[in-house]
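Asker:
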Amino acid sequence: MKTGLSIQLALLLLIITLHYSPAASATDICQQARQQQRPCVALVLGGGGARGGAHLGVIEQLERQQIPVDLVVGTSIGAFIGGLYASGHSASEIAARLENTPWADGFRDRVYRDEMPLRRKHKSDDLPVNLDLGVSEQGVRLPKGILSGQALAEILHGTFGAFANLKHFDDLPVPFRAVATDLLTQEEVILSDGSLVQAIQASMSLPGVVRPLELNGKLLVDGGVVNNLPISVARQLGVDRIIAVSIDSPLLRREQMESAFSVTEQLTSFLVRAGVQQQMQLLTERDLLLQPDLVNISTLDFGNIAQAVQSGRQSAIRFVQALADFSQPQRVYREWFSRFAKADAAAIKIDHITLQNDSRLSDELLLARLELQPGDFYTERSIRRGLRQMYGLDTFERVTQHLTVDDNGETLLTVRAEEKSWGPGYMNFRLMFEDDFRNNHQYQLAAGYTRSNLSPWGAEWHSELALGSNKYLHTELYWPLADSGFYTEASYHHRRDTQPLQDTQALSAGELKNTENGLLLSAGWNISDHARLQLGWTLRDGKYLLPSLYASQLGSDTVSYQRNGPEVQLIWDTLNSRSFPTRGIRLASNYRFLNDDAMGTEVSSKSSSTELLAAKSWQQHTLRTRWRFDHYNTDEDSFALEQFNLGGFLNLSGYPADSLFGSQIQFGSLVYLYRLTEQKISFFNAPLYLGTSLERGRVRKDLFGASGGADATNWLWAGSVFLGWDTPLGPLYFGVGMAEQGESDYSDAVYLSFGKHY
85 MKTGLSIQLA LLLLIITLHY SPAASATDIC QQARQQQRPC VALVLGGGGA RGGAHLGVIE
145 QLERQQIPVD LVVGTSIGAF IGGLYASGHS ASEIAARLEN TPWADGFRDR VYRDEMPLRR
205 KHKSDDLPVN LDLGVSEQGV RLPKGILSGQ ALAEILHGTF GAFANLKHFD DLPVPFRAVA
265 TDLLTQEEVI LSDGSLVQAI QASMSLPGVV RPLELNGKLL VDGGVVNNLP ISVARQLGVD
325 RIIAVSIDSP LLRREQMESA FSVTEQLTSF LVRAGVQQQM QLLTERDLLL QPDLVNISTL
385 DFGNIAQAVQ SGRQSAIRFV QALADFSQPQ RVYREWFSRF AKADAAAIKI DHITLQNDSR
445 LSDELLLARL ELQPGDFYTE RSIRRGLRQM YGLDTFERVT QHLTVDDNGE TLLTVRAEEK
505 SWGPGYMNFR LMFEDDFRNN HQYQLAAGYT RSNLSPWGAE WHSELALGSN KYLHTELYWP
565 LADSGFYTEA SYHHRRDTQP LQDTQALSAG ELKNTENGLL LSAGWNISDH ARLQLGWTLR
625 DGKYLLPSLY ASQLGSDTVS YQRNGPEVQL IWDTLNSRSF PTRGIRLASN YRFLNDDAMG
685 TEVSSKSSST ELLAAKSWQQ HTLRTRWRFD HYNTDEDSFA LEQFNLGGFL NLSGYPADSL
745 FGSQIQFGSL VYLYRLTEQK ISFFNAPLYL GTSLERGRVR KDLFGASGGA DATNWLWAGS
805 VFLGWDTPLG PLYFGVGMAE QGESDYSDAV YLSFGKHY
C-alpha cells in the first residue's frame, strides 16, 4: 500500500511539474541558499480570511529562531501577509501595517457621501435600497459580485505603498508567488510578475462576493477555490524544505448550522479541505506543517485578527524544536536578512499619465476628476483622492492604477476606468413607512430608473415612481454643457398627496387631497461637488379636494389652480450621511416668484424655504442641529396655495406626522446621539444609536387662518427619546415624543419609522 501511494504521489508531482512551467528556475530562487550551503526553504501560507493573522505569529517565530526563507507562496490572505513579508517588511513592520489596515472599509465599495457629486448624493438619499439592478435591451442583469473590489484595491495600495510593476516577483527581497483561480477553466494560476497589488487582489477575490479581476486576459478569483495551501507550487520550484501554515475553516458543529449561509459555508469548507488534504500529502519528513488553533475566529472576524496572531505564535512555539532544525547561524541569517534593508524612500515623480477609458465618458472629464498632471509627485493621498473622485461618479465598476518604469527610468502612471458592465440603465428603490400607533400612518414604495452616460459629459435620464399614501411620478433629463460645470435640465412631475386632518381631540377631521402636474425648465451651475446654483421656470396645474369642514366654509369641495413663474435654488451639502450624519453641513434654499390663479382670482406670490442641517461628532457622540424657515405670502389676502407641514418625529415630536400645516413655519432642533454598537466588518456599516432631542417651532396661517390645531402665534416646545438604527436599506427609528400642548389635547406619541430622513 505504501509503495502504491508513493507512486501516486510521484505521478501527481510529475503532472504538476509538466502542467505548470515555472517562470523562473529553481536555481535562481535557491541561489543564495546554495551559496550559503544551507537548505532552500519555502514558506507556504494558506487562505482563511481573518485567521490569516496567524501567519504573522509564525513569521515572528521564524525571525526569532533565525530561519531564512527563500520563497514565499500564498493564497488569499496568505498572499497578502506573504506579499508583505516577501516585499521586505519584517514581522514588526507587518504588525504595524495590520494594525492600521482599515479592514472594514474593504467591504464597502461606495465612497462616502461627502465625496460624491451633489447629484449622486441626492440620488443616493432618495433611493437608499441600492441594488443597482442593470436594465438593458437584454433584460435585467446583476453585478458579478456583491463588491466590485474597488475598496479592496484601495486597502492594498495603502498597505503596500507605491510599487511599480515588476518584471518578475523574483526581484523582490524574497521571491514570491500568489495563487489565483481561472474562473472560466477552474485552473490554478500562478502569478509571478506584473503588479504585486493586483496579483494579491486576484488571489483574494472571493467568487460571488468580490467581482473577478481581469489580469493577463484571464478572469481570476480567490486561489482557495483550487489550492488553498499551495504546497505544490513550492515543490515545483525545487525548494528543499517547506514550512506550511494551514488556516482553513474548521467544520461547523450541528448547533452552529442555523441558516442557509452556514450550510453553504460548511459545503465550501468540505471542498477546500479536500484540496488541502491533497496538498498536505506532498509534504515529506523534512517539511513542517503548522495548524494554529483558530476555531473561534471566522473568516470575516477581522476585529479579532490580534487573537489570530497570538494563535499563530502559540502554534509556532509548540514546534520550537522542529523549527530549530531550520535555524541558521547568526552570520548566515544576517547575510540573508540584509536583503530586507531599505533605502530611504524617494519621492516618485510622475513623468507620464495614461488613461485607459473603458466608458462612454470623455477623457477630459475623467482626467479633470483625477486632478493629477505629469510632473506631480505620486503620493498615496493624492492618488486615493483622484481615484475616489472618479469612482464617485457611480458609473464605474472599478477604477484602478499602476506604476511602471521604462528603460529610461521615467515613471508612467496608468489609470483604467471600467464602466459598469451590467448597464447602461440602473434601478434602485426606496421603502418608507411611519406609524404613531394612533390614527396616523404613512407608507410608500418607490422605484427609480437611471439611463446613464447619454453624452460624454454624463447626461442622463432619470425617472421615479412612488406608490403609497402619497403617490408621484417624476421624470427628468439632465444635460451637462461640456466641462463648463453648467447644465440644463427639464423635468415633469405628477403627484397625489393625501393629508389626514385631526381636530383638537385627535379625532379624524377628514383628508385634504392635492393632485398636481408640474413642468420645470432650468439651467444651473455645479459650483463644486458640494454646491449648486439653479435657475428655472416652473408651470403647475392642480387642484385641492377639501374635506367637508373646509368645503362648507368655501362653498365648494374643489379648488383648482394654475401657477407659473421663476424659481432659484441654492444647495451646499457636505454631510457624510443623510440618515445619521456625523459630520458636515447641508444648506438648501429655494425661492419662487409665482403668478397664482385660483378660485377666479389672480395674485402674485412669493415663496421661500430654507433648511440648515449640521452635524459634529467626537468618539461615540454626535450633536446634530436643524433649522427650518418656510414662508409664503401674496399681494392679497386669498387662498394660500403653498402649504408647509410640521409635526411628527423630530419635527415637533408628540404631534402626528405633518398634522400642523400652514404658509409660515419656523423650527429648530438639537439632537444628541450616542453610538451603542457598530458592525465594523460586514458588507455594510449598521451602527445602533440612542438619542434624544429638544425641539421648538411654530406654524402660522393655514388655508383658513388657523394652523392645524396649533396656536397661530405661540411657540411650541417638544422633545423625544429614541433608538435609531442605520440599516443598509434606510434609517429605522423607534421613539417616544412629547410636546407642549398648545390648543390641542394631545401632546405625546410613540413613533415607528423606517426609510425617512429627519
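Be aware that the sequence shown starts at 85, since it is given in this note's numbering, and climbs by one per residue.
Backbone N, C-alpha and C fix where the C-beta goes; we use that ideal spot for every residue, glycine too.
Being a predicted model, the structure only gives us computed values, none of them experimental.
Express the C-alpha separation of Gly731 and Gly793 in angstroms, rounding to a whole number.
Answerer: Bear in mind that the predicted position of Gly793 carries a pLDDT of just 45, short of 50, making it too unreliable to give a figure here.
Asker: Can you tell me which of the three DSSP states Trp656 falls into?
Answerer: If DSSP states are grouped into helix, strand and coil, Trp656 belongs with the strands.
Asker: Go through its chain and collect everything with a Cβ distance to Ile284's Cβ below 7 angstroms, but skip five positions before and after it.
Answerer: Ala163, Phe164, Gly167, Leu240 and Ala262.
Asker: From this set, Arg444, Gly132, Thr495 and Tyr576, which residue's C-alpha is nearest Pro540's C-alpha?
Answerer: Residue Arg444 is the option with its Cα nearest to Pro540.
Asker: Going by Cα to Cα distance, which pick from Ser382, Gln653 and Arg194 is closest to Ala138?
Answerer: Measuring from the Cα of Ala138, the nearest candidate turns out to be Ser382.
Asker: Where does His173 sit, in a helix, a strand or coil, going by DSSP?
Answerer: Three-state result, His173: coil.
Asker: Between which residues of its own chain and Phe421 is the CB-CB distance below 8 angstroms, once the five residues before and five after are set aside?
Answerer: Answer for Phe421: Pro152, listed in chain order.
Asker: How many angstroms separate the CA atom of Gly387 from the CA atom of Glu144?
Answerer: Straight-line Cα distance between these residues: approximately 21 angstroms.
Asker: At what residue ranges does the region 251–292 contain a whole run of the alpha helix (DSSP H), taking only runs of 4 or more?
Answerer: Qualifying alpha helix (DSSP H) stretches, in chain order: 280–288.
Asker: Are at least three pairs of beta-carbons, each pair with one atom in the region 353–371 and one in the region 262–277, less than 8 angstroms apart?
Answerer: Output reads no: the region 262–277 does not touch the region 353–371.
Asker: Please classify Gly745 as buried or exposed, where buried requires at least 16 other C-beta atoms within 10 Å of its C-beta.
Answerer: The sequence shown places Phe at residue 745, rather than the Gly named in the question. Phe745 comes out buried.
Asker: Mind checking Phe677: buried by the 16 CB within 10 Å criterion, or exposed?
Answerer: So Phe677 counts as exposed.
Asker: Measuring CA to CA, which of Ser220, Asp714 and Ala682 is closest to Ser693?
Answerer: Comparing Cα-Cα distances from Ser693 to each of Ser220, Asp714 and Ala682, the minimum goes to Asp714.
Asker: Quick check on Phe253: buried or exposed, where buried means 16 or more other Cβ atoms within 10 Å of its Cβ?
Answerer: It counts as buried.
Asker: Please specify which runs of the beta strand (DSSP E), each continuous and at least 3 residues long, are wholly inside the region 606–655, giving them in chain order.
Answerer: The qualifying runs are 615–629.
Asker: Label Asp332 either buried or exposed according to how many other C-beta atoms from any shown protein chain fall within 10 Å of its C-beta, with 16 as the threshold for buried.
Answerer: Result: buried.
Asker: Secondary structure at Leu529, three-state DSSP: helix, strand or coil?
Answerer: Note: Leu529 maps to strand in three-state DSSP.
Asker: Please name the residue, chosen from Pro227, Gly839 and Ala134, that lies closest to Lys504 on a Cα-to-Cα basis.
Answerer: When each option's Cα is compared against that of Lys504, the closest is Pro227.
Asker: With burial defined as no fewer than 16 other Cβ atoms inside 10 Å of the residue's Cβ, what is the status of His436: buried or exposed?
Answerer: Classification of His436: exposed, given that the 10 Å Cβ count is below 16.
Asker: With the cut-off set at 8 angstroms, would you say Leu496 and Thr488 are in Cβ contact?
Answerer: Taking 8 angstroms as the Cβ cut-off, Leu496 and Thr488 qualify as a contacting pair.
Asker: Fully enclosed by the region 412–496, which alpha helix (DSSP H) runs are 4 residues long or longer?
Answerer: The region 412–496 contains these whole alpha helix (DSSP H) runs: 414–421, 447–454 and 464–475.
Asker: Is Gln150 helix, strand or coil when you go by DSSP?
Answerer: Coil, per DSSP.
Asker: Taking its Cβ as the centre, do 16 or more other Cβ atoms sit within 10 Å of Pro186, making it buried, or is it exposed?
Answerer: The residue is exposed, with fewer than 16 neighbouring Cβ atoms inside 10 Å.
Asker: Classify Asn311: buried if its beta carbon has 16 or more other beta carbons within 10 angstroms, exposed otherwise.
Answerer: The residue is buried, with at least 16 neighbouring Cβ atoms inside 10 Å.
Asker: Checking 8 angstroms against the spacing of the C-beta atoms, do Thr159 and Pro314 come in under that value?
Answerer: In contact: Thr159 and Pro314 (Cβ atoms closer than 8 angstroms).
Asker: I need the boundaries of the beta strand (DSSP E) containing Gly51, first residue and last residue.
Answerer: Any question about residue 51 goes unanswered here, given that the chain covers just 85 to 842.
Asker: Should Val219 and Gly509 be called a contact, given that it needs their Cβ atoms to be closer than 8 angstroms?
Answerer: For Val219 and Gly509, yes; Cβs fall inside 8 angstroms.
Asker: Could you pull out every residue in the same chain whose Cβ sits closer than 6 angstroms to the Cβ of Arg662, ignoring the five residues on either side in sequence?
Answerer: The answer, listed in chain order, is Asp209 and His841.
Asker: Which of helix, strand or coil does DSSP assign to Asp680?
Answerer: Strand, per DSSP.
Asker: On a Cα-Cα basis, can you pick out the residue from Asn492, Trp656 and Phe260 that is closest to Val281?
Answerer: Nearest of Asn492, Trp656 and Phe260 to Val281, Cα basis: Phe260.
Asker: Can you have a look at Gly808 and say buried or exposed, based on whether 16 or more other CB atoms are within 10 angstroms of its CB?
Answerer: Gly808 should be labelled buried.
Asker: Nearest CA to the CA of Gly668: which residue from Arg710, Met683, Asn674 and Phe410?
Answerer: Gly668 has its Cα closest to that of Arg710, out of Arg710, Met683, Asn674 and Phe410.
Asker: By how many angstroms is the C-alpha of Ser837 removed from the C-alpha of Leu800?
Answerer: Cα to Cα, the separation comes out at about 23 angstroms.
Asker: Quick one: measure Cβ to Cβ for Gly620 and Ser606, integer angstroms, because I've assumed they're closer than 8 angstroms.
Answerer: About 3 angstroms separates the two Cβ atoms, so the contact holds.
Asker: Which runs of the alpha helix (DSSP H) at least 4 residues long sit entirely within the region 533–593? Give them in chain order.
Answerer: DSSP runs (the alpha helix (DSSP H)) wholly in the region 533–593: none.
Asker: Rounded to the nearest angstrom, how far is the Cβ of Gln234 from that of Tyr475, given a contact under 8 angstroms?
Answerer: Right, their Cβ atoms sit about 6 angstroms apart.
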